[in-house]
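Protein chains in written order, with our numbering: chain A, 2 to 327; chain B, 153 to 579.
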Amino acid sequence: MSEQPFLLWAEKYRPRTLDEVVNQKEIVARLKKFVEEKNMPHLLFAGPPGTGKTTLAHCLAHDLYGDNYRQYMLELNASDERGIDVIRSKVKEFARTRVAGDVPFKIILLDEADNMTADAQQALRRLMELYTATTRFILAANYPSKIIEPIQSRCAVFRFTPLSKEDVVGRLKYIAEKENVKYSEDALETIYDLSEGDMRKAINILQAASALGEVTVETVYKVVGLAHPREVRQMLQLALNGNFTEARSKLRDLMLNYGLSGLDIIKQIHREIFSSDLKLPDEARILIADLAGEIQFRLVEGADDEIQLNAFLARLAFMGRKFKPT
Amino acid sequence: MSENLPWIIKYRPRTLEEFVDQEEARKTFIAWYEQWKAGRPEKKAVLLHGPAGTGKSSFVQAFANSYNLELYEMNASDYRRKSDIDRLVRVAASTGSLSGRGKLIFLDEVDGLNPKSDEGGVEAILQLIEVSKHPVVMAANDAYSPNIRSLRDVSLLIEFKRLRETAVVQALSRICEKEGIHCEQEGLKEIARRSEGDLRSAINDLQAIAEAYGRVTLELAKALSAYRNREYAPFEALRRIFNAKYIFQARDAISSANIDYDTLKIWINEHIPTYYDTPEEVSRAYEALSRADVYLGRIIKSGSWDLLAYAMELMGPGVAFSRKTYKGKFVKFTYPERFRLLSETRKAREIRDSIAEALARRLLTSKATVRSEVIPYLKVIFTSNPKMAAGIAREYGLTEEMVKFLAGNKAGEVLSYLKKPSRGRRS
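What follows is the structure, given as C-alpha cells:
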C-alpha cells in the first residue's frame, strides 16, 4: 500500500493557522492582533533558518483570508529571483488589482530578502511606497543587517529566536507518534543537536532516519553522514597534508556533483574542524575556525564560492606543514 | 592540387633566404652547426624553444634544404613507438648515407613527451644524443617543462622570440603578392598586431579573410581578429600577469586584458597552482585573488565602481608578486576545468533544479534551500526505502529521470513500486 502518495513531513506537519503554532509565542500574539484588526504594517521577519518565518507568514495570511489565502498572496524568493526587474513586474501586476472582501490589502511575501543587492533593495523600497494602499509586504531574512536602513524603518521588525530543545524534541515526538515510527528519546535529542534549532532540518532528518527503520542515535548519525558527504573531511585532510591539487578536485566534486554551495561546504567544514576524527593540535583548530569564519563572511558578501574555498584550502596546505597530523 | 594547400604549408620557407626574422637564433644555430662540422661541438644537441608559430620547425626544414642535408624528423605523436626511436638511433649512429649527403636529426615538440605514457622516451632520446654521429635538433614551446629537464641539460638552448610586427607584415605581403590578392597595408598590420608574433596564426587569419572576401582590408581584419580574440585573450593575459617582472607590467596585463574580470578571475583561479610550486606561494596568490574577488562582489552589491581599482591591483600585481623570487617561466595555460565540468554536469544539474522547482512551492522555501537542505535527505530516503520513495515520487509528480537522479542504482526498485497502480488515496 505504500506506493500511495506520501507527503514529506516538512509539508505535512507544517502549522496551517496561527493557533497551531507552538513556539515564537510573543510574535504569534502580535500577529493575531493584526488578524483581529484586519490591518497590519509592512513586516520584517528576521532570524535563523528553520525558525518559522515563512511558515508564520503563511499562517497569518491563512487567518486573514481563509483557506484560499494563496490567491491573495504573492510569494517571491529573492534567492531564486534576484533580478529586481522580475520582482518589479510581478509586483506591479499583482498589486494592480484591488481585493474584494473585508481585508483591504493583499500580501507580498519576499523570502530570503537579504539575498537582494543594494540596488534591488532601493528599487523595492520604491515599490513598497508605491503600492502601500493595496498591498503589505512581508520580508523574511536571515541577516537583518543586510536589509537597507530605509526598508527596515518602514517595517515592523520581528526577531525570531532559535527554537528551544523542548520545542523541537516535542514536535519530533508528536510527528513520530502520528506516523507510528519507533524512536528513542536519545535519537530525538541527537537530531536537535545536529539541526541547530532548524525545525525543517530536524523534520527532514527524522523522516530520512525513519526510512532506514527505527529511529535510533545510530540511524540518525547514519542519515546525517549520508546526507553530508564524507568528501568534506577527505578534502580537509588532503589540504592539511599539503596536497592542494587533490583537495581542489574534491571541492569541485562537492560543488558540481553534490550540488553544494560554498556556504554549505564552509559550514560543514566548520563542523569537521572540532571533530576528533580530524587529527590536529588544538591551536590549529582555532586558527582554522577563524579562517573558516572569515571565508564564510566573504561568501555572504557575495564572493565566488570556488575562489574563496580554494584560498581556504591553499592556506590549509601551507599551514599543514607546521601542524603535520600524526 | 596546390590550390587547396593551407597557406602555412604552401608558403613555408624552402630555404634560409626565404626565412624571415629570428636573426639571433639563426646566427647561434649556424655557429653551432659549424662546430659540428669542424669536429666536436660543446653540446651535441640544440633545443630550440619559444612560443607557437615563431618558426622553429620551419627554420629546421629551411636550414636542411639550404645546407643540403637529409632531414630525419620525429614529433610528439611518434615518441610512443619504441620502434620509431630505435630506427632513428640506427640512423644517427651510422656515418654513412645513401645519398652521400649529411644528416640532421630533428625531434619536434619534445615537451609533449608524457612522463607516464611515454615512459622511457626521454631516456631513449638521451641515448640517441649520446650515440649520434650527426647533429641533433630538438624543439619545444616550453624549455622549462620539468619533463624534459635532462634533455635541457645536455643541449644548447636557442630561443625563438615572438616575431616583430614588421617581419610578420613583410611575410604576409609576400604571400598576398604571390596569390595576387589586394591587401591593404593597414589590414596586414592589424592582423600582425593581433597575432602577437605568431606568424602561423597570422597566415591562417590572412587566408581566412582572403578566401572569404577576395581582399584584405582593415575593417575585415578587425572583424575577424575580434572573433579570434575571445579565445586567445585569456592565455596572453595570464602569461603576462604571472611573468610580470615589475608591478606596472602586472597592472597593464589586467587593464588591457580584453576580457571581463569575472572570466579572468576564473582563469587565474585555475592556474595559480599551475604556475606556483610552493604551498606558500600558492596560498599567498589565492589570498590576493580572494581579496580581489571580495572587492568585485562588493562592487556588484553596492554599485561602487570606485572599488574596481583595488580589485585589479590585487588580481594582477597581488597574484604576480606572491612569488618569493622571480622565475619567469613558460607554463602551459589550459582552458579552465571549471567551464568543462560545468558543461559536463549540466544535465544532472538541470534535473536537480527541476526537482527543486517541483518541491519549493510545496515546502514554502527557495529552490536553493531545497537543493542544499532537502535533496540530500531525499537521496537517503530514495536509496534506502524504495516504498516511501515511490510514495513521495507519486505525491510530488517526480519524473523517471528525477527518480534516477535521487535513487542512483536503486532507481529500478523505486520505479517498479511506482509503476504499480495506486490503490487508495493519499495517506
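Heads up, the beta-carbon is just placed ideally off N, CA and C, and yes, glycines get one too. None of these values were measured; they are calculated from a predicted model.
Here DSSP, grouped into helix, strand and coil, assigns Met41/A to coil.
Identification of chain B residues near Asn69/A by a Cβ-Cβ cut-off of 9 Å yields none; the smallest Cβ-Cβ distance measures about 16 Å. CA-CA distance, Leu227/A to Thr18/A, rounds to 34 Å. The Cβ of Ser435/B sits closer than 8 Å to at least one Cβ of chain A.
Nearest to Pro145/A by alpha-carbon distance, out of Val92/A, Arg137/A, Leu257/A, Arg160/A, is Arg160/A. For Glu295/A, the closest C-alpha among the options Phe319/A, Leu281/A, Gly263/A is that of Gly263/A. Within a 10 Å sphere around the beta-carbon of Trp419/B sit 16 or more other beta-carbons, which makes this residue buried. Residues Ala240, Gly243, Phe245 of the same chain have their beta carbon placed closer than 6 Å to that of Ala318/A, with the five preceding and five following residues left out of the count. Residues of chain B with a Cβ closer than 8 Å to the Cβ of Gly243/A are, in chain order, Pro431. By the criterion of at least three beta-carbon pairs nearer than 8 Å, the segment 75 to 90 of chain A is in contact with the segment 107 to 121 of chain A.
Taking the CA atoms as reference points, Ser407/B sits about 48 Å from Leu280/B. Put simply, the CB of Arg504/B is near chain A, with a gap under 8 Å to one of its CB atoms. Counting along the chain, Tyr548/B sits inside no alpha helix (DSSP H), nor does DSSP assign it H or E at all. Shown here is that no member of the segment 296 to 317 of chain B has a Cβ falling below 9 Å from a Cβ of chain A.
In the structure shown, the three-state DSSP call for Gly564/B is helix. Less than 8 Å separates the beta-carbon of Ala472/B from that of Ala402/B. Counting only residues of its own chain and dropping the five nearest sequence neighbours on each side, Ala541/B has a CB closer than 7 Å to the CB of Ile533, Phe534, Ala559, Val566. Checking the DSSP bridge columns, you'll see Ile108/A partnered with Met74/A, Arg137/A. In this structure, Ser506/B places its C-beta atom within 8 Å of the C-beta atom of Met554/B. Shortest Cα-Cα distance from Ala177/B to any of Ser210/B, Gln359/B, Leu460/B involves Ser210/B. The beta carbon of Arg352/B sits closer than 8 Å to the beta carbons of Ile160, Ala204, Gly205 from its chain, once the five residues preceding and following it are set aside; these are given in chain order.
Proximity to Lys179/A across Met200/A, Leu207/A, Ser165/A peaks at Leu207/A, based on C-alpha coordinates. Chain B places a beta carbon closer than 8 Å to that of Gly260/A, counting this residue as a contact. The alpha-carbon of Asp86/A is positioned some 48 Å away from that of Lys476/B.
A residue is called buried once 16 or more other Cβ atoms fall within 10 Å of its Cβ, and Trp184/B is buried on that count. Of the candidates Ala214/B, Thr180/B, Glu261/B, Gly207/B, the residue whose Cα lies closest to the Cα of Glu169/B is Ala214/B. Val526/B reaches chain A at Asn205, counting residues in chain order whose Cβ is nearer than 7 Å.
For Ile152/A, the closest Cβ of chain B is not nearer than 8 Å. By the Cβ-count criterion, His59/A is buried, with 16 or more other Cβ atoms from all chains shown falling within 10 Å of its own Cβ. Secondary structure of Val288/B (DSSP, three-state): strand. Within its own chain, no residue has a Cβ closer than 8 Å to the Cβ of Ser90/A once the five positions on either side in sequence are excluded. DSSP places Glu329/B within a helical segment (H, G or I) once states are collapsed to three.
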